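In the numbering used here, the protein residues as written are 115 to 739.
Glycine is no exception: its CB is placed at the ideal position from the N, C-alpha and C atoms.
Values in this document were obtained by computation on a predicted structure and should not be read as measured data.
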């Protein structure tokens with residue numbers, strides 16, 4: 115694409131040749147000023163003051179002053195012509211950015227419209243001004259040198275051409291390093307924008323060292339890019355010294371030789387005026403303007419131009435050119451991709467997760483199940499970027515999990531919900547960079563099931579005391595906070611374990627119903643697995659993946675977990691024999707019947723006990739209680 119930008123720029127200029135011609139004609143007035151700035155003083159000296167004709171000298175100086183006035187008028191008209199050239203570029207860039215934002219649902223379209231398009235317009239205008247100014251100034255100055263004495267060109271032109279050539283050789287690598295620096299600066303800014311609002315969470319989870327290391331790597335990357343860019347600044351200074359300052363030294367050093375070969379004193383003074391007053395300032399503006407603005411314009415146009423399209427607003431216009439073919443549909447990346455992921459808590463430890471490969475499409479609902487300690491929470495920590503795999507890759511929406519691009523695309527709600535002292539609205543909007551409208555906040559609270567607590571606390575501005583809340587209430591606040599975030603991937607790591615089944619179902623359905631949202635739930639109830647589209651059954655090397663019904667048929671371990679989760683039906687069993695019992699309890703007990711502190715339910719899990727006064731008729735067991 116970089117190679118096509120100059121060709122697109124030439125097409126853009128050819129399509130507006132009338133504006134370019136008008137710009138050139140007004141620039142001729144500046145050329146006259148540049149010509150007179152050295153020629154008039156030379157004639158004033160040679161034909162006037164040195165010849166004893168003061169009036170003639172003053173007349174030539176008056177001509178130089180008149181040239182300045184005319185040049186200023188031409189400069190004013192030049193700005194109008196530049197505006198006529200720049201504004202169409204801005205309009206086309208705006209149209210392209212808006213079209214791409216609508217077509218691709220690009221959240222960065224607004225940012226591109228308000229920032230990058232304005233940068234492109236300003237830098238393009240500056241580039242036109244400095245390039246035009248140098249060209250016409252150089253033409254006027256060189257024509258003046260030739261008119262004064264052709265020998266002066268032999269002294270001035272070679273170093274000037276060498277300086278311009280040295281600078282031109284650095285433009286392409288300078289643009290690449292400028293792009294690297296801008297990318298590093300944006301990555302650091304994005305990371306800091308995510309870290310600074312979450313300092314409380316970072317401190318609460320003990321992630322200070324890891325966060326500092328992540329930010330430190332981005333700082334180091336920007337420093338390396340800045341140093342690389344600064345080295346080309348040295349080359350730019352060398353080019354300026356070679357093309358603009360060396361001619362002054364050469365004119366002074368060769369002055370005796372020039373005077374011997376017919377160059378007059380006035381011509382020598384005029385040559386110095388050309389170099390110091392015209393060529394040196396014009397070259398300085400060109401090197402700094404083209405070196406900074408030119409490379410930045412290249413970077414911005416490269417970003418605004420769609421891959422493979424005409425892009426950047428520099429190609430044929432929609433009105434005059436052939437109709438563009440519809441843009442190809444871009445495949446939506448998976449919400450989550452794990453490729454051969456292995457993780458262990460130590461170099462010699464047995465892997466908790468080994469060679470796990472998983473692809474989760476956007477909009478999916480996944481339940482992760484398995485025995486305690488098998489690695490379910492470890493998996494969510496890997497997806498959240500809190501842990502780094504020993505080998506393999508984890509990607510969120512196609513981005514590396516620990517990169518800045520994936521940071522805002524996921525949100526983790528752990529079992530121990532974090533709530534801080536402040537208003538309820540502050541807690542709920544903690545993950546949002548922008549203020550949350552109250553209507554949106556109330557809608558999220560209603561969807562998750564927080565509304566009763568919200569009303570009990572006195573509304574969104576009610577004060578929150580974490581110590582006064584139950585574990586379930588804290589979980590509801592954390593769930594609503596995650597529901598309000600813009601992250602499309604939600605990770606619920608036992609995040610509903612303190613809620614009753616109905617509240618848990620409501621919260622999970624609130625996340626699953628988000629448009630374009632993807633939900634991963636570490637399930638602790640069979641109902642969570644039944645609600646999910648897919649189930650990941652983690653069991654070491656016997657890990658299985660499929661729907662609930664598929665795993666029931668194919669995985670013995672999953673059937674075992676389902677059996678342990680499934681409650682015993684509330685039906686009274688019939689005894690095999692008519693036994694007599696002082697309390698009237700059948701020997702084959704019905705579900706829910708329990709003994710005292712030293713008895714167990716006949717059909718319940720081993721060790722399950724119930725308190726006294728829990729018989730069906732409300733009487734204590736054997737007189738206890």
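Counting of Cβ neighbours within 10 angstroms places residue 371 among the exposed residues, the total staying below 16. When secondary structure is reduced to three states using DSSP, residue 544 falls in the coil class, being assigned neither helix nor strand.
According to the DSSP assignment, residue 488 belongs to no alpha helix (DSSP H), since it is labelled neither H nor E. Burial is judged here by how many other beta carbons sit within 10 angstroms of a residue's own beta carbon; residue 375 has fewer than 16 and is exposed. Apart from sequence neighbours up to five positions away, the residues of its chain that approach residue 642 with a beta-carbon distance below 6 angstroms are 481, 635, ordered along the chain. Counting only residues of its own chain and dropping the five nearest sequence neighbours on each side, residue 306 has a CB closer than 8 angstroms to the CB of 329. Taking the CA atoms as reference points, residue 455 sits about 10 angstroms from residue 502. For residue 294, no beta strand (DSSP E) encloses it; the enclosing alpha helix (DSSP H) starts and ends at 265 to 309. The closest CA to that of residue 544, considering only 269, 138, 597, is found on 597. A direct Cα-to-Cα measurement between residue 165 and residue 159 gives close to 8 angstroms.
Under the 10 Å beta carbon count, residue 174 is surrounded by 16 or more other beta carbons and is classified as buried.
The C-beta separation of residue 452 from residue 487 comes to about 20 angstroms, leaving the pair out of contact by the 8 angstroms criterion.
Burial check for residue 258: the Cβ neighbour count within 10 Å reaches 16 or more, so the residue is buried.
For residue 457, the enclosing beta strand (DSSP E) stretches over residues 450 to 457. As a beta-bridge residue in DSSP terms, residue 651 pairs with 483, 658. Measuring C-alpha to C-alpha distances from residue 459 to each of 500, 449, 308 identifies 500 as the nearest.
Between residue 262 and residue 396, the gap from beta carbon to beta carbon reaches 9 angstroms or more. As a beta-bridge residue in DSSP terms, residue 577 pairs with 537. It is roughly 21 angstroms from the alpha-carbon of residue 649 to the alpha-carbon of residue 629.
Of all alpha-carbon atoms in 308, 658, 571, the one lying nearest the alpha-carbon of residue 535 is that of 571. Following the DSSP letters along the chain, one finds residue 632 inside the beta strand (DSSP E) bounded by residues 632 to 636. Taking the C-beta atoms as reference points, residue 365 is found no nearer than 9 angstroms to residue 277.
Between the C-alpha atoms of residue 521 and residue 274 there is a straight-line separation of about 50 angstroms. Per DSSP, reduced to three states, the secondary structure at residue 505 is strand.
Rounded to whole angstroms, the separation of the alpha carbons of residue 311 and residue 302 is 15 angstroms. With a contact defined as Cβ atoms closer than 8 angstroms, residue 133 and residue 195 qualify at about 6 angstroms. Per DSSP, the beta-bridge partners of residue 510 are 450, 513. Membership of residue 334 in the alpha helix (DSSP H) is indicated by the continuous run 322 to 354.
Taking the Cα of residue 674 as reference, the smallest distance to any Cα among 449, 155, 483, 238 is reached at 483. At a Cβ-Cβ threshold of 9 angstroms, residue 298 and residue 339 count as neighbours. Per the Cβ contact rule, the region 140 to 152 is in contact with the region 242 to 254 (3 or more Cβ pairs under 8 angstroms). Closest in alpha carbon position to residue 271, among 659, 588, 255, is 255.
Shown here, residue 607 sits in a strand according to DSSP, grouped into three states. One alpha carbon belongs to residue 666, the other to residue 472, and they sit about 20 angstroms apart. Around the beta carbon of residue 357, a 10 Å sphere encloses 16 or more other beta carbons of the protein chains shown; the residue is thus reported as buried. 606 is the residue among 606, 638, 615, 640 whose C-alpha sits nearest the C-alpha of residue 626.
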